[in-house]
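With this note's numbering, letter number 183 in the sequence shown gets 286, and the count goes up by one each step, no holes.
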Amino acid sequence: MTETSPVASAPAKPRNFFAALELDTRLIGMIGAFIVICLIFNFLTDGRFMTPRNLFNLSIQTASVAIMATGMVFVIVTRNIDLSVGSLLATCSAMMAMMQTVVTPEWLGLGLNHPLTMPIAILVGVMTGLVIGAFQGWLIGYLTIPAFIVTLGGFLVWRNVSWHLTKGQTIGPLDANFQLFGGINGTLGEFWSWIIAAIAIMASFYALFRSRRNKVLHEFPVKPVWAEVIIGLIIAGAIAGFVAVLNAYEIPTARLQRMFEARGEIMPEGLVQGYGLPISVLVLIVIAITMTVIAQRTRLGRYIFATGGNPEAAALAGINTRLLTVKIFAIMGVLCAISAVVASSRQTFHSNDIGTLDELRVIAAAVIGGTALAGGMGTIYGAILGALIMQSLQSGMAMVGVDAPYQNMVVGSVLVLAVFIDIVYRRRTGDKT
């Protein structure tokens with residue numbers, strides 16, 4: 104019996120400490136850019152930018168765009184584009200708002216804040232996004248109309264469908280249970296935030312262990328054990344630090360007292376509680392994990408990246424690229440609906456201008472996060488980091504007092520710079536994707 108050679112699974116001998124960690128240089132660059140932005144604005148705002156309150160607000164402001172950015176990765180990877188996401192978000196938001204304020208209380212007789220109002224509204228919103236997204240994907244995939252044209256048409260059509268549904272009026276207030284997805288009105292509190300953090304840390308360590316074990320079983324080179332441990336500790340530290348910052352944002356005493364009174368309880372003297380992890384951010388985390396699993400662990404994900412890398416070869420290999428296009432845009436539509444839940448519940452009402460310019464923010468987030476416009480390359484975590492960087496820029500400039508037009512000029516310049524850096528990076532690494 105032939106013995107397996109230990110050389111195949113033995114750790115390689117790296118040239119230095121950083122080579123042993125095998126960290127993604129793009130990821131490191133984006134994290135470094137985010138830290139630099141935070142430090143600059145923290146200095147310009149006399150320490151107000153990096154307070155728990157502002158970082159909490161930054162996280163809930165990022166969630167809506169980041170959710171859609173995860174889907175835009177799939178769209179751009181397959182060499183398409185979606186200019187309709189902001190308008191589609193508005194239509195889904197209008198449908199859910201009308202369900203909460205007209206259909207369920209008047210037609211179904213359930214009344215506002217009924218336990219069934221929120222799930223019915225969300226289901227209708229998600230189905231709206233799914234149908235519209237799949238329809239646009241069908242136009243692109245089966246009728247071969249360019250994605251740019253189809254979604255540009257959608258940009259004009261769905262924005263005005265939203266206006267027609269609400270007759271141009273602001274609709275609200277929305278259902279109290281629905282508002283839990285908006286951020287400050289719906290958080291897990293300190294205890295459950297730490298529970299989620301502990302689960303996330305254990306899941307991260309398990310994922311690292313499983314990845315290493317699979318490499319060993321298939322006789323692939325693996326990192327040194329100490330490198331795996333350091334990466335695990337970095338991930339654990341990032342998760343724990345993030346939750347600690349959110350828990351450090353304290354609920355105002357008057358609000359906390361009203362919360363106790365609503366439950367028929369008396370607030371203990373001197374009690375202090377933090378908001379903890381917002382439900383909207385938890386939704387983003389769940390979507391990020393789901394989309395990452397789809398991209399890396401499923402046949403659909405392999406087909407998406409294979410089609411983006413070489414559409415002709417993918418079609419010759421038997422991949423139904425037309426049906427794949429429908430699926431991708433259907434996923435994008437569902438994510439627009441979920442983003443609409445987060446955006447409208449954060450406002451506590453549906454407004455006629457909700458989602459305006461979100462299509463540009465979403466595309467910019469995906470591109471800044473490293474998704475190649477030429478197709479075939481992109482990551483979910485990169486798109487989320489891109490959304491966070493963009494929101495940090497906008498929030499920081501707003502705190503400094505920069506007018507909105509200048510904010511958009513800066514974001515546009517950063518987008519062009521990010522694409523240029525990506526082109527230079529791929530040239531130097533020999534990546535022609």
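In this text, a Cβ means the ideal position worked out from N, Cα and C, and glycines have one as well.
Item	Value
In whole angstroms, give me the CA-to-CA distance for P155 and Y406.	42 Å
Taking only heavy atoms of the ligand ADP into account, decide whether any of them is closer than 7 Å to the Cβ of Y509.	The ligand ADP is not among the ligands present in this structure, which contains no ligands whatsoever.
Given a cut-off of 8 Å, decide if S307 and G379 are closer than it, judged by their beta-carbon atoms.	no
Within 10 angstroms of its Cβ, does P381 collect 16 or more other Cβ (buried), or is it exposed?	buried
Classify T173: buried if its beta carbon has 16 or more other beta carbons within 10 angstroms, exposed otherwise.	buried
Specify the secondary structure class of P381 as computed by DSSP and reduced to three states.	strand
Where A115 and V328 are concerned, what is the direct C-alpha to C-alpha distance, given to the nearest angstrom?	A caution first: A115 carries a pLDDT of 49, below 50, which makes its placement in the model unreliable, though a value can still be read off. Cα to Cα, the separation comes out at about 11 Å.
Could you give the first and the last residue of the continuous alpha helix (DSSP H) run that contains H267?	A250 to T269
For a test of the three-state rule: what should DSSP assign to I354, helix, strand or coil?	coil
Is it buried or exposed for N263, if we count other Cβ within 10 angstroms and need 16 for buried?	exposed
Looking at the unbroken alpha helix (DSSP H) that takes in P414, where does it start and where does it end?	P414 to L419
Give the range of the alpha helix (DSSP H) segment to which F432 is assigned.	T424 to Q450
Is L158 closer than 8 Å to V348 when the C-beta atoms are compared?	yes
Spatial neighbours of E462 within its chain, please: CB distance less than 6 Å, with the 5 preceding and 5 following residues excluded, ordered by chain position.	L186, V188 and G189
Here's the rule I'm using: 16 or more other beta-carbon atoms within 10 Å means buried, otherwise exposed. How should I302 be labelled?	exposed
Residues bridged to T290 by DSSP?	P381
Using only alpha-carbon positions, find the residue among Q376, F251, G479 and S196 that is nearest to L226.	S196
Between E106 and the rest of its own chain, which residues show a CB-CB distance below 8 Å, the 5 nearest in sequence each way excluded?	Residue confidence for E106 is low, a pLDDT of 42 falling below 50, so the modelled location carries little weight; the figure read from the coordinates is stated next. Excluding sequence neighbours, E106 sits near nothing in its chain.
Look at the alpha carbon of L142 and the alpha carbon of A200, and state the distance between them as a whole number of angstroms.	39 Å
Rounded to the nearest angstrom, what separates M104 and R400 at their Cα positions?	No answer about M104 holds up, because its pLDDT of 41 lies below 50 and its placement is not dependable.
Let's see if you can read the secondary structure: which residues bound the alpha helix (DSSP H) around Q203?	Taken as a continuous stretch (DSSP letters only), Q203 belongs to no alpha helix (DSSP H), as it is neither H nor E.
Tell me the rounded alpha-carbon separation between L147 and V178.	37 Å
Take the Cβ of W261 as the centre, count every other Cβ of all protein chains shown within 10 Å, and call the residue buried at 16 or more, exposed below.	buried
What are the boundary residues of the alpha helix (DSSP H) that includes A477?	Here A477 belongs to no alpha helix (DSSP H), and DSSP marks it neither H nor E.
Per the DSSP calculation, I390 is bridged to which residue(s)?	Answer by DSSP bridge pairing: none, since I390 is not bridged.
What's the C-alpha gap between V445 and S167?	6 Å
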